[in-house]
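What follows is one structure encoded as structure tokens, with my remarks underneath.
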Amino acid sequence: MPDARNAVLLAMSAPPYWHCGRTVQRQSLWIAAALAPAVLCALWNWGLPALRVMALSVAVCVAVEALCQKAMGREIAVDDGTAAVSGLLLAFMLPAAAPWWLVCLGAVVAICLGKMAFGGLGANPVNTSLVGWAVLFVSFPLLMDANAMQLDTEFVDPLLRLKFFGAAAAEEIPFTDLLLGHQINGLGAGQAGALLLGGSFLAARGFVRWHIALGFFLGVAGLATAFALADPAANASPFFHLATGSVLLGGFFLITDPANAPSRPLPMFLYGLVGGALVMLIRKYGVYADGTPFAILLANLLAPQLDLLRPKPFGGR
Amino acid sequence: MKELFTMLTDPRFHLLYGVTQRFSMGPEPRQVRLNRESMTLSEGIKKKTRVYPFMKLGTHPSPLKGDLYSPIFGVVSEINERSLFLEAVEPDEELRALADGVHKADVMELARDCGAGAEGRKRLAQLLKELGLNTKSLGQECETLIINGLNPDPGITWAEPMLMTHRATLSAGLALLRQLTPARKIVLAVPKEMRLQFHDLEVASVPSQYPASVNELVVKAVTGKERPDGVGIVGLHNLWSLGRVVETGLPLVETVLTVGSLRHSGNYIVKDGCMVGELLDFAGIELREGDALVRGGPLRGESLDKLSRSVTRGAMGVFVVEAGTVPPMQGHAPCINCGACVLICPAHLSPNLLSRYAEFALHERARKEHVQSCLECGLCGYVCIARRPVLQYIRLAKHKLAEADQQKLTPLEPVGVTPGNEPASKEDSHA
Numbered sequence: 066m067p068d069a070r071n072a073v074l075l076a077m078s079a080p081p082y083w084h085c086g087r088t089v090q091r092q093s094l095w096i097a098a099a100l101a102p103a104v105l106c107a108l109w110n111w112g113l114p115a116l117r118v119m120a121l122s123v124a125v126c127v128a129v130e131a132l133c134q135k136a137m138g139r140e141i142a143v144d145d146g147t148a149a150v151s152g153l154l155l156a157f158m159l160p161a162a163a164p165w166w167l168v169c170l171g172a173v174v175a176i177c178l179g180k181m182a183f184g185g186l187g188a189n190p191v192n193t194s195l196v197g198w199a200v201l202f203v204s205f206p207l208l209m210d211a212n213a214m215q216l217d218t219e220f221v222d223p224l225l226r227l228k229f230f231g232a233a234a235a236e237e238i239p240f241t242d243l244l245l246g247h248q249i250n251g252l253g254a255g256q257a258g259a260l261l262l263g264g265s266f267l268a269a270r271g272f273v274r275w276h277i278a279l280g281f282f283l284g285v286a287g288l289a290t291a292f293a294l295a296d297p298a299a300n301a302s303p304f305f306h307l308a309t310g311s312v313l314l315g316g317f318f319l320i321t322d323p324a325n326a327p328s329r330p331l332p333m334f335l336y337g338l339v340g341g342a343l344v345m346l347i348r349k350y351g352v353y354a355d356g357t358p359f360a361i362l363l364a365n366l367l368a369p370q371l372d373l374l375r376p377k378p379f380g381g382r
Numbered sequence: 002m003k004e005l006f007t008m009l010t011d012p013r014f015h016l017l018y019g020v021t022q023r024f025s026m027g028p029e030p031r032q033v034r035l036n037r038e039s040m041t042l043s044e045g046i047k048k049k050t051r052v053y054p055f056m057k058l059g060t061h062p063s064p065l066k067g068d069l070y071s072p073i074f075g076v077v078s079e080i081n082e083r084s085l086f087l088e089a090v091e092p093d094e095e096l097r098a099l100a101d102g103v104h105k106a107d108v109m110e111l112a113r114d115c116g117a118g119a120e121g122r123k124r125l126a127q128l129l130k131e132l133g134l135n136t137k138s139l140g141q142e143c144e145t146l147i148i149n150g151l152n153p154d155p156g157i158t159w160a161e162p163m164l165m166t167h168r169a170t171l172s173a174g175l176a177l178l179r180q181l182t183p184a185r186k187i188v189l190a191v192p193k194e195m196r197l198q199f200h201d202l203e204v205a206s207v208p209s210q211y212p213a214s215v216n217e218l219v220v221k222a223v224t225g226k227e228r229p230d231g232v233g234i235v236g237l238h239n240l241w242s243l244g245r246v247v248e249t250g251l252p253l254v255e256t257v258l259t260v261g262s263l264r265h266s267g268n269y270i271v272k273d274g275c276m277v278g279e280l281l282d283f284a285g286i287e288l289r290e291g292d293a294l295v296r297g298g299p300l301r302g303e304s305l306d307k308l309s310r311s312v313t314r315g316a317m318g319v320f321v322v323e324a325g326t327v328p329p330m331q332g333h334a335p336c337i338n339c340g341a342c343v344l345i346c347p348a349h350l351s352p353n354l355l356s357r358y359a360e361f362a363l364h365e366r367a368r369k370e371h372v373q374s375c376l377e378c379g380l381c382g383y384v385c386i387a388r389r390p391v392l393q394y395i396r397l398a399k400h401k402l403a404e405a406d407q408q409k410l411t412p413l414e415p416v417g418v419t420p421g422n423e424p425a426s427k428e429d430s431h432a
């Protein structure tokens, strides 16, 4: 054998040698791509202020994660894109008129407390973006209230209308307006049609688990239908509930974060179902107009228990 | 419907490739590296000994491991602990005469002469061992024997041609297998899309999407039970080897394997000990810096460090995985709990937990998480987006547990304990 052939340096590896080709980085890119329609819709509906909030949130999240990794003596891994996605999701739940320091504070809390404090990507027990959102929402309720912040707009807040003016007033808002994002809400969470488009794509490609999303939407729609059937005058239709608040954002992008979700099909479905049902219970009986973020945080905490539901190992007796 | 939601979108995981061409003969090796581990070399085999095809080079001490025969005309160039190297030579008259003098046995007649019953089967196993066949996993202890007729790994394509085109060889092997196994029922498991019929053999249809070809899953598909007692399974590859020996009447010095890269794929009958470099040259596959060279299947094989490694009897494939076609493996990457491995594991395990236990040497916890049920199909690593070597971690845990069990196997007996004073000591300990 000629020596030249032996000079080829071969890569040693461990089985399997083939791979599905998905990496954390590519997954983040796909999720960002799925969020792109909602980003465009947010720009269309809210203009440059929305861009300001999104850019700031993403930039601060990435910078804070890099700083944390540096401080922890870790390899800088912000190029995996997960911090950017978390930042974008956080921005989606903020009003477009949120002051800059609120965005920065939310981003810092989300990454530090919601991710790095537990050891980084995938180790957090609850959703990273929601931790940031929850701290802001509890600390600065007025600034986080999109209805109070967005005064210069023709849109209305459908959930507040439902809560204080009744189902009939809420149903007056055309459904197409809700889908097109013509509603007061978080700047991206309200872009219902765009989120449905992007989220369905992610679920079909297997980037998010369809079991969770399906369970979540069934939970919301099922309970909403039950309420509507019981008292049609006091309760809005399930379609109204699906297209308002953060339901579509939560069902496709927040509750499906696999680090906080169970891993097997049945537990995933139940997890989604519980999350969806909690949304409706908070909306109907709670003090908050939109219960989605808190419902998802509660469902996150339930995930380890649901993970105990598991089949016998192969050949186990 | 179920396939719609599978995570394995790669068409290569569908283990039917429509390949039916006859196997081509592999290269005439210029150099041969034979595995001689724990073999006793035949008398007169030393450096510079001239050898001819089917000359016996070594005997394996185990009655279940095949003996070693020379595949080529050559001269012994080196002998070490593990390997025996041959250099091909042009045979002279004397060597040619020796090669012509090799006796072709009528294996079936010899097999019948061995007689029936357990003793007969033992004699037959000994006969096959002397013909270079490993008889370790040919279903000697079972009532039902399943022949795994699927391509074992994605990318390996020799199963279909064996079943369709080389059926005579298979039938010969089957006749011999019937003599060898005590099983009353032999079932051939083939992909459900293949409509095969044998007049003398029961055929069972099984799913054809990898990991369906893993032995345990084939058994489950045929019998409906997970790890049932009294069921044995034998690979198509082994059956073909048996048939080859019957057909030629000569010891086994070759193997069928798939040589594959991204663009090329072909099935060859390759001489035992043929070096991988020569094989790739023959198949016209060029290697570049950073490519991974795999012996065995692309999901369960082993990666080779140099081209002078060889393929031995029982090797199923040689694959080149080009640099850049897969994201590189990250040995130090932490698990990010994405759950893809849990969702895909055919043994219903949690490879995410298992790999972390192995990473932090918590092997006893891995045992509690049923690491022993792992089928080692490799899918956990295939879907891992953090590119962790998940299967390697699991194998490490299994290995460490086996080592620990080995040490436990010799419990210390207390000296001088008689049945009389044993209850007394028990009472003492309770007091």
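Chains G and W, in that order, give the protein sequences.
Here the first sequence stands for residues 66 to 382, numbered as in our numbering.
Here the second sequence stands for residues 2 to 432, numbered as in our numbering.
Even glycine gets a Cβ: it sits at the ideal position worked out from N, Cα and C.
In this text, all values refer to a predicted model and were calculated from it rather than measured experimentally.
Asked, Found
"The region 233–249 of chain W contacting the region 146–154 of chain W, beta-carbon criterion three pairs below 8 Å", "yes"
"CB contact below 8 Å: Leu75 of chain G versus chain W", "yes"
"Beta-carbon spacing of Leu1 of chain W, Val108 of chain W below 8 Å", "What the structure shows of chain W is the stretch from 2 to 432, and residue 1 of chain W is not part of that stretch, so it cannot be assessed."
"Given 8 Å, three or more beta-carbon pairs between the region 109–123 of chain W and the region 153–171 of chain W", "no"
"Touch test, the region 90–110 of chain W against the region 299–317 of chain W, Cβ-Cβ under 8 Å, three pairs minimum", "no"
"Residue span of the beta strand (DSSP E) that contains Gly171 of chain G, given as start and end", "Element bounds for Gly171 of chain G: not the beta strand (DSSP E) but the alpha helix (DSSP H), Trp165 to Gly179."
"Uninterrupted alpha helix (DSSP H) stretches inside the region 204–264 of chain G (no shorter than 4 residues)", "206–209, 211–214, 223–230, 232–236 and 240–245"
"Inter-stretch contact (C-beta, 8 Å, three-pair minimum) for the region 361–369 of chain W and the region 390–404 of chain W", "yes"
"C-beta atoms of Val246 of chain W and Val277 of chain W nearer than 8 Å", "no"
"Nearest neighbour of Glu140 of chain G, chosen from G:Gly185, G:Gln370, G:Gly246 and G:Ala233 [CA to CA]", "G:Gly185"
"Sequence-distant residues of its chain with Cβ nearer than 8 Å to Pro358 of chain G (five each side left out)", "Met158, Leu195, Trp198, Ala199, Phe202, Ser311, Gly315 and Leu319"
"Cα-Cα separation between Gln370 of chain G and Arg329 of chain G, rounded to whole angstroms", "12 Å"
"Interface partners of Leu186 of chain G on chain W, CB under 7 Å", "Ile337"
"Chain G contact residues for Ser266 of chain W, given Cβ-Cβ distances below 7 Å", "By Cβ distance, chain G contributes nothing, its closest Cβ being about 13 Å from Ser266 of chain W, past 7 Å."
"Under 8 Å from the C-beta of Arg388 of chain W: neighbouring residues of chain G", "His84 and Thr88"
"Test: Asp273 of chain W CB closer than 8 Å to a CB of chain G", "no"
"Interface residues of the region 324–343 of chain G facing chain W [CB-CB below 9 Å]", "Ala324, Asn325, Ala326, Pro327, Ser328, Arg329, Pro330 and Met333"
"Whole-Å CB distance - Cys169 of chain G paired with Ala149 of chain G, under 8 Å assumed", "Not really, about 15 Å apart at Cβ, beyond 8 Å."
"Beta-bridge pairing of Pro192 of chain W - partner residues as DSSP gives them", "W:Val207"
"Residue of G:Leu267, G:Gln248, G:Ala163 and G:Phe205 minimising C-alpha distance to Ala120 of chain G", "G:Ala163"
"Nearest-angstrom Cα separation, counted from Thr136 of chain W out to Leu410 of chain W", "27 Å"
"Interface flag, Asp292 of chain W vs chain G, CB-CB below 8 Å", "yes"
"Below-8 Å beta-carbon distance, Pro30 of chain W vs any chain G residue", "no"
"Buried versus exposed call for Asp273 of chain W [16 or more other C-beta atoms within 10 Å across all chains shown]", "buried"
"Same chain only: Cβ atoms within 6 Å of Ala324 of chain W, ignoring 5 sequence neighbours per side", "Gly291 and Asp292"
"Near-chain G residues of the region 360–382 of chain W - C-beta to any C-beta below 7 Å", "His371, Ser374, Leu376, Gly379 and Gly382"
"Cβ neighbours of Pro64 of chain W in the same chain (closer than 7 Å, five flanking residues each side left out)", "Ala126, Gln127 and Lys130"
"Those residues which DSSP pairs with Asn149 of chain W across a bridge", "W:Ala190 and W:Gly236"
"Proximal residues of chain W, C-beta to C-beta of Gly381 of chain G below 7 Å", "His371 and Ser374"
"Assigned exposure category for Phe229 of chain G - 16 Cβ within 10 Å defines buried", "exposed"
"Per-residue burial, Met56 of chain W [other beta carbons within 10 Å of its own, 16 or more giving buried]", "buried"
"Residue-level contact to chain G via CB, His349 of chain W, 8 Å cutoff", "yes"
"Backbone secondary structure at Ala142 of chain G - three-state DSSP", "coil"
"Asn268 of chain W (DSSP reduced to helix, strand or coil)", "strand"
"For Ser266 of chain W and Tyr82 of chain G, the rounded distance between their alpha carbons", "16 Å"
"Any chain W beta carbon closer than 8 Å to Ser78 of chain G", "yes"
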